[in-house]
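Enquirer: I'd like to ask you about the structure that follows.
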Amino acid sequence: MTKITIRILVLSISLLYPIVNAQIKKIGVPFITNYNPKTYKAASENWDVLQDSKGMMFFANHFGIMQFDGVRWNIVTQPENKSMVRSLSIDKNDKIYVGAQGDFGFTVQLPNGQYKYTSLVKLIPVTDRNFGDVLHTVIRNDEVVFLSNEAIFIYKNNKIKVVRSKANFDDFFEVNKEIYVADNARGLLKLENDVLTEIPNSIQFVGMRIRKIFDTLAGLIILTQKSGLFSYKNGQLKPFVTKVDALLKQSQITTGIALSDGYFGIGTRQGGLIVIDGAGNLVQHINKQMGLQNEYVTNLKLDNEGNLWVALKNGISMIQISSPLSKILDASNAETKIYCSQIYQNKLYIATDNGVFWLDWQAYKNGQHENIHFQHITGMSENVWNLGIFGNSLLAFEKNGVFEIKNNSAQLLAKTDGAWQGILVPNHPYLLLVGGYNGLYLLKKINNSWVYQHKIKGFEESSRVMETDRAGNIWIAHGYKGVFKIRLNTTFDAVADLQFYNQKNGFPSSLFLNTFKVNDQILFGTTKGVYKQDAHSKRMIPDNIFKKYLGLNSHIRLLKADHQNDIWYISGENTGKMTQKTKGTFTVEELPFRKLRYLYIPGFENIQTTLDGDVFFGTQEGLIHYNTTKSKKYQSKYKAVISEVKCIFPKDSLLFSSRYDVLPTKTESASNTFSAVLPYSNNALHFSFASLCYDEADATKYEYWLEGFEPKWSEYTLQTEKEYTNLPENEYIFHVRAKNIYDVVSEEAIFKFEVLPPWYRTTWAYILYLALFGVLIYAIIKYQKNLAERDREQLILNQEKELLRNRAELNEQKLALEQENMAIMKENLETTINLKNAKVASNTVNLIHLNEILLSIKELIGQIDKKNDFDTNFGLLKKINRIIDHELQGDQHWNEFEEIFNQLHDNFMQRLKSSFPELTPRDMRLCAYLRMNFNTKEIAPLLGISVRGVEDTRYRIRKKMQLSSEANITEFILNF
Numbered sequence: 006m007t008k009i010t011i012r013i014l015v016l017s018i019s020l021l022y023p024i025v026n027a028q029i030k031k032i033g034v035p036f037i038t039n040y041n042p043k044t045y046k047a048a049s050e051n052w053d054v055l056q057d058s059k060g061m062m063f064f065a066n067h068f069g070i071m072q073f074d075g076v077r078w079n080i081v082t083q084p085e086n087k088s089m090v091r092s093l094s095i096d097k098n099d100k101i102y103v104g105a106q107g108d109f110g111f112t113v114q115l116p117n118g119q120y121k122y123t124s125l126v127k128l129i130p131v132t133d134r135n136f137g138d139v140l141h142t143v144i145r146n147d148e149v150v151f152l153s154n155e156a157i158f159i160y161k162n163n164k165i166k167v168v169r170s171k172a173n174f175d176d177f178f179e180v181n182k183e184i185y186v187a188d189n190a191r192g193l194l195k196l197e198n199d200v201l202t203e204i205p206n207s208i209q210f211v212g213m214r215i216r217k218i219f220d221t222l223a224g225l226i227i228l229t230q231k232s233g234l235f236s237y238k239n240g241q242l243k244p245f246v247t248k249v250d251a252l253l254k255q256s257q258i259t260t261g262i263a264l265s266d267g268y269f270g271i272g273t274r275q276g277g278l279i280v281i282d283g284a285g286n287l288v289q290h291i292n293k294q295m296g297l298q299n300e301y302v303t304n305l306k307l308d309n310e311g312n313l314w315v316a317l318k319n320g321i322s323m324i325q326i327s328s329p330l331s332k333i334l335d336a337s338n339a340e341t342k343i344y345c346s347q348i349y350q351n352k353l354y355i356a357t358d359n360g361v362f363w364l365d366w367q368a369y370k371n372g373q374h375e376n377i378h379f380q381h382i383t384g385m386s387e388n389v390w391n392l393g394i395f396g397n398s399l400l401a402f403e404k405n406g407v408f409e410i411k412n413n414s415a416q417l418l419a420k421t422d423g424a425w426q427g428i429l430v431p432n433h434p435y436l437l438l439v440g441g442y443n444g445l446y447l448l449k450k451i452n453n454s455w456v457y458q459h460k461i462k463g464f465e466e467s468s469r470v471m472e473t474d475r476a477g478n479i480w481i482a483h484g485y486k487g488v489f490k491i492r493l494n495t496t497f498d499a500v501a502d503l504q505f506y507n508q509k510n511g512f513p514s515s516l517f518l519n520t521f522k523v524n525d526q527i528l529f530g531t532t533k534g535v536y537k538q539d540a541h542s543k544r545m546i547p548d549n550i551f552k553k554y555l556g557l558n559s560h561i562r563l564l565k566a567d568h569q570n571d572i573w574y575i576s577g578e579n580t581g582k583m584t585q586k587t588k589g590t591f592t593v594e595e596l597p598f599r600k601l602r603y604l605y606i607p608g609f610e611n612i613q614t615t616l617d618g619d620v621f622f623g624t625q626e627g628l629i630h631y632n633t634t635k636s637k638k639y640q641s642k643y644k645a646v647i648s649e650v651k652c653i654f655p656k657d658s659l660l661f662s663s664r665y666d667v668l669p670t671k672t673e674s675a676s677n678t679f680s681a682v683l684p685y686s687n688n689a690l691h692f693s694f695a696s697l698c699y700d701e702a703d704a705t706k707y708e709y710w711l712e713g714f715e716p717k718w719s720e721y722t723l724q725t726e727k728e729y730t731n732l733p734e735n736e737y738i739f740h741v742r743a744k745n746i747y748d749v750v751s752e753e754a755i756f757k758f759e760v761l762p763p764w765y766r767t768t769w770a771y772i773l774y775l776a777l778f779g780v781l782i783y784a785i786i787k788y789q790k791n792l793a794e795r796d797r798e799q800l801i802l803n804q805e806k807e808l809l810r811n812r813a814e815l816n817e818q819k820l821a822l823e824q825e826n827m828a829i830m831k832e833n834l835e836t837t838i839n840l841k842n843a844k845v846a847s848n849t850v851n852l853i854h855l856n857e858i859l860l861s862i863k864e865l866i867g868q869i870d871k872k873n874d875f876d877t878n879f880g881l882l883k884k885i886n887r888i889i890d891h892e893l894q895g896d897q898h899w900n901e902f903e904e905i906f907n908q909l910h911d912n913f914m915q916r917l918k919s920s921f922p923e924l925t926p927r928d929m930r931l932c933a934y935l936r937m938n939f940n941t942k943e944i945a946p947l948l949g950i951s952v953r954g955v956e957d958t959r960y961r962i963r964k965k966m967q968l969s970s971e972a973n974i975t976e977f978i979l980n981f
């Protein structure tokens with residue numbers, strides 16, 4: 006192909022694809038993020054890639070449609086027949102059309118996050134339903150075309166038209182909204198008005214196994230699997246010769262994509278990704294050695310940020326082709342720490358922890374990557390801390406001393422106890438001062454060679470960071486002591502003057518101090534910004550210019566001026582460039598270098614610049630290249646998304662999720678209006694969120710706010726989940742937004758939900774409470790009334806009971822009195838009876854005795870006879886008289902009476918005698934008769950005395966008893 010044709014081709018490609026801002030760098034290998042099946046937890050094979058309007062990534066995986074939100078991977082849906090997904094396409098409404106194995110259809114996202122798949126196979130006649138993989142799905146105007154090897158299915162207005170061929174189809178291509186079909190029998194055809202038509206000389210394409218077609222002003226560029234590239238115009242098919250024809254044919258092309266500036270990305274089966282320019286020159290070859298996890302590329306897709314997603318037979322890779330940063334690496338140094346780099350005689354040298362390596366920089370820069378590799382410099386295998394060009398010599402400073410690198414080997418110049426770096430002595434370019442582990446050493450250039458001289462006397466400190474000023478002073482920064490300022494003597498063998506500066510001299514701290522030389526000025530990096538020495542006070546003070554642009558809150562780890570007088574710096578974890586606009590004013594650029602955060606080797610940060618604008622950063626992950634001619638849009642808008650919402654109790658009770666088959670898709674909860682209204686028992690929620698920015702997604706930070714519960718946004722954090730527990734009843738809105746490494750804040754995502762009150766705090770509950778309160782008040786009033794009525798009735802009853810009780814008591818008292826009276830009467834009656842019985846008994850006894858006496862007297866009177874003499878009769882009379890006198894005394898009869906009387910009257914006689922011992926027997930008898938309530942007339946004959954005698958006896962008894970004249974002796978006796 007002629008040069009003119011190639012130029013026209015390059016121009017035409019760039020004109021046809023102006024919107025794709027994804028030109029890949031020629032120098033270095035772009036940053037690659039690999040996702041293996043263990044990471045995304047699905048099948049290894051992936052066949053297609055697409056991105057929806059929000060920025061969400063979807064992949065056609067063997068297990069179904071796989072979604073990636075920057076944090077989490079999920080299978081979101083599967084075809085109806087559960088077969089593998091082979092092709093995807095998406096319309097402006099984010100409806101995803103799916104081509105699977107023996108099935109095709111579409112899927113839409115429901116309000117609850119689920120994706121519902123609808124098969125369209127039912128619209129096909131039964132006789133046409135036997136087909137295999139749907140290799141391509143294309144949306145064209147108002148129709149969707151599903152293409153399989155057996156047939157083409159055109160879906161329009163809910164109907165499907167089937168287009169078949171006598172022979173099977175080999176492949177299908179969408180080119181500027183036109184569909185080309187590779188027919189195994191007819192060659193390359195075009196689908197027009199639902200009919201396959203042959204293009205001119207189409208038969209020549211039979212058997213070519215076309216894998217991709219690009220349209221250019223110079224015609225079609227056709228990529229074949231094993232035959233390389235061809236151009237087709239005006240019916241003429243010609244080989245499109247490139248510098249990598251052999252590589253392309255050997256690797257077997259599978260797919261392709263057009264990049265900006267006429268570049269083509271070509272995916273292969275065995276060689277990974279090959280990028281060529283419009284002239285066929287190799288730009289990049291990214292294979293397994295360069296960091297791609299698998300070399301079988303199945304599809305390629307550019308996302309909104311300019312990242313190239315590579316679907317692989319085993320995994321997925323994202324290549325950041327739009328970044329101005331790339332890695333200078335090959336298989337030999339992929340894991341090497343870089344302490345320093347230098348361009349010397351068109352060779353790139355790197356100082357590593359395994360010695361020094363080099364490669365042909367000019368050839369590498371021109372894109373000759375295939376055969377350009379880092380080669381080891383023999384003679385050094387320890388940590389090499391620094392590389393320096395002094396005159397025409399390249400010196401390396403290593404653990405064992407100072408080496409000079411010539412060709413592919415290193416020669417020891419000075420055996421020291423470790424060498425950090427070297428600087429030329431001011432005004433003496435033939436003297437080299439070397440900073441060592443324990444002091445300073447001097448080398449001198451003799452006959453164009455550096456020769457070791459001696460160690461400098463008077464200084465034994467580690468001298469890793471050194472600079473010289475215009476006055477010839479040497480400034481040495483010690484990591485944890487301070488800064489030394491020394492001056493050598495005239496013979497350069499000893500320290501003539503030494504001054505020491507630390508926190509006492511104005512530094513904010515004595516730790517982590519560095520010294521730099523920028524624009525011939527000595528500056529100091531501290532933990533609180535950039536300092537300099539005041540010319541008058543000699544104290545260390547903040548530098549005003551750097552204070553303005555870098556502040557006084559960051560640790561300044563490196564300052565370095567390049568050949569354009571731009572100042573490169575590392576401040577804290579940020580790398581940046583200060584570009585001078587006018588004297589004293591700068592613009593600061595940091596965004597392109599945010600990827601370098603946390604990559605530097607602490608204490609050994611290094612940046613190397615060249616006249617050509619190349620910038621090298623030595624990191625723990627190798628050498629990183631930056632070129633100012635390559636730009637990227639860092640302020641791209643993106644969205645935050647809420648990936649999943651679930652109730653913590655019960656466990657895994659999902660409310661919103663795109664995960665396949667975890668929520669209903671055919672119930673009311675999956676209707677067009679999704680409302681998260683939760684019972685109070687589900688008032689603990691777990692939110693998972695992410696951002697649809699895939700550049701350093703792990704470093705994206707998030708802030709969130711639960712409106713209705715929290716007063717303000719949270720602080721930014723790397724956390725991608727948040728839990729809330731014990732939420733009170735309320736309406737809530739959960740807000741989340743992200744901030745990527747470029748400090749761009751995303752559009753926020755929200756999730757609205759409502760927590761209902763517990764049943765006992767619902768409106769119906771309050772109505773019930775009000776009703777119950779009314780019932781309670783009524784019950785209380787009713788109860789009080791009933792209680793009052795009951796109390797009144799009880800009072801009446803109590804009064805009646807009291808009255809009855811009083812009556813009963815009165816009756817009882819009356820009865821008791823009656824009983825008592827009856828008892829008294831009975832007792833009196835018994836006493837009377839007893840007395841009368843006693844009288845009767847006594848009288849009976851007396852009567853019997855009297856009868857006996859009378860009989861005795863009668864007998865004695867009978868003995869009186871006239872016949873008897875006087876004396877005899879007189880004797881009988883005297884005898885009779887004695888009997889009568891004896892009976893009148895009656896002592897024997899009285900004793901009997903007294904015994905009976907005491908029994909009846911409670912020992913009356915004994916008690917009376919005990920109380921009144923002066924009483925005579927006659928007195929005692931009188932008292933007994935008075936006790937028996939006899940009157941005076943009745944007592945007189947019983948005592949055998951007259952009534953007057955009874956009166957006198959009563960008087961005497963009164964006196965003996967000492968009774969008053971008013972006392973009734975009879976009552977006294979009765980009551981005694």
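Note that the working numbering numbers the sequence shown so that position 170 is 175, with each residue one more than the last.
Think of the CB as a built atom: it goes at the ideal place given N, C-alpha and C, for glycine as much as any other residue.
Taking the C-alpha atoms as reference points, what is the distance between Phe-902 and Lys-863?
Expert: 27 Å
Enquirer: Let me check understanding here. Comparing Cα to Cα, which of Ile-226, Pro-205, Leu-193 and Phe-219 lies closest to Gly-212?
Expert: Leu-193
Enquirer: Check the DSSP bridge columns for Gly-311 and list the partner residues they point to.
Expert: The partner list for Gly-311 (beta bridge, DSSP) is empty, contrary to what the question assumes.
Enquirer: Between Val-952 and Leu-822, what straight-line distance do the alpha-carbon atoms span, to the nearest angstrom?
Expert: Our two residues, Val-952 and Leu-822, have alpha carbons roughly 40 Å apart in a direct line.
Enquirer: Between the Cα of Val-76 and the Cα atoms of Val-200, Leu-400, Leu-697 and Glu-409, which residue gives the shortest distance?
Expert: Answer by Cα proximity: Leu-697.
Enquirer: In this structure, how does DSSP classify Asp-666 when only helix, strand and coil are distinguished?
Expert: coil
Enquirer: Is Ile-451 buried or exposed, if buried means 16 or more other CB atoms sit within 10 Å of its CB?
Expert: exposed
Enquirer: On a CA-only basis, which of Gly-320, Thr-123, Gly-104 and Lys-127 is nearest Ala-47? Give me that one, please.
Expert: Gly-320
Enquirer: According to DSSP, what are the bridge partners of Met-929?
Expert: Met-929 pairs with nothing; no bridge assigned.
Enquirer: Starting from the C-beta of Phe-977, find all residues in its chain whose C-beta is less than 6 Å away, skip the five residues before and the five after it, and write them out in chain order.
Expert: none
Enquirer: Please identify the residue among Phe-210, Leu-228 and Ser-236 whose C-alpha is closest to the C-alpha of Leu-222.
Expert: Ser-236
Enquirer: Where do the N-terminal and C-terminal ends of the alpha helix (DSSP H) with Glu-466 fall, by residue?
Expert: Premise fails: Glu-466 is in no alpha helix (DSSP H) and is neither H nor E.
Enquirer: If you draw a straight line from the alpha carbon of Tyr-721 to that of Leu-557, how long is it in whole angstroms?
Expert: 22 Å
Enquirer: Return the CA-CA distance between Asp-928 and Ala-813, expressed in angstroms with no decimal places.
Expert: 50 Å
Enquirer: From what residue to what residue does the alpha helix (DSSP H) around Thr-495 run?
Expert: Unbroken run through Thr-495: none, as it is neither H nor E.
Enquirer: Is there contact here, the stretch 311-327 with the stretch 578-595, by at least three beta-carbon pairs under 8 Å?
Expert: Counting Cβ pairs under 8 Å, fewer than three are found: no touch.
Enquirer: Secondary structure at Asn-338, three-state DSSP: helix, strand or coil?
Expert: Annotation note: pLDDT 49 at Asn-338 (below 50); position unreliable, no value reported.
Enquirer: When burial is assigned at 16 or more other CB atoms within 10 Å of the CB, is Ala-501 buried or exposed?
Expert: exposed
Enquirer: How should Gly-240 be labelled, buried or exposed, when 16 other C-beta atoms within 10 angstroms of its C-beta is the threshold for buried?
Expert: When all chains shown are included, Gly-240 counts as exposed.
Enquirer: When the Cβ atoms of the stretch 649-662 are set against those of the stretch 353-370, are three or more pairs found closer than 8 Å?
Expert: Pairwise C-beta distances place the stretch 649-662 out of contact with the stretch 353-370, as fewer than three of them are shorter than 8 Å.
Enquirer: State the DSSP-derived secondary structure class of Pro-946, mapped to helix, strand or coil.
Expert: DSSP places Pro-946 in helix when its eight states are reduced to three.
Enquirer: From Arg-145 to Val-280, what does the alpha carbon distance come to, in whole angstroms?
Expert: 28 Å
Enquirer: Rounded to whole angstroms, what's the CA-CA distance from Gly-118 to Leu-690? Just pull it up for me.
Expert: 16 Å
Enquirer: Is Gly-137 closer than 8 Å to Gly-1023 when the C-beta atoms are compared?
Expert: There is no way to answer for residue 1023, as the model of the chain reaches only from 6 to 981.
Enquirer: Quick test of the definition: if touching needs 3 or more C-beta pairs under 8 Å, does the stretch 83-96 touch the stretch 119-139?
Expert: Because the criterion of three Cβ pairs below 8 Å is met, the stretch 83-96 and the stretch 119-139 touch.
Enquirer: Pick out whichever of Val-139, Lys-182, Pro-130 and Glu-203 has its Cα sitting closest to the Cα of Val-167.
Expert: Pro-130
Enquirer: With a threshold of 7 Å on Cβ separation, who are the neighbours of Lys-553 within its own chain once the five nearest residues in sequence on each side are excluded?
Expert: none
Enquirer: Look at the alpha carbon of Gly-60 and the alpha carbon of Ile-738, and state the distance between them as a whole number of angstroms.
Expert: 23 Å
Enquirer: Which residues mark the beginning and the end of the alpha helix (DSSP H) in which Val-955 is found?
Expert: 952-965
Enquirer: Ordered along the chain, which non-local residues of its own chain (more than five positions away) have a Cβ less than 6 Å from that of Thr-38?
Expert: Met-323
Enquirer: Would you call Gln-915 buried or exposed, if buried means 16 or more other Cβ atoms sit within 10 Å of its Cβ?
Expert: exposed
Enquirer: Tell me which residue opens and which closes the beta strand (DSSP E) that Ala-187 is part of.
Expert: 183-188
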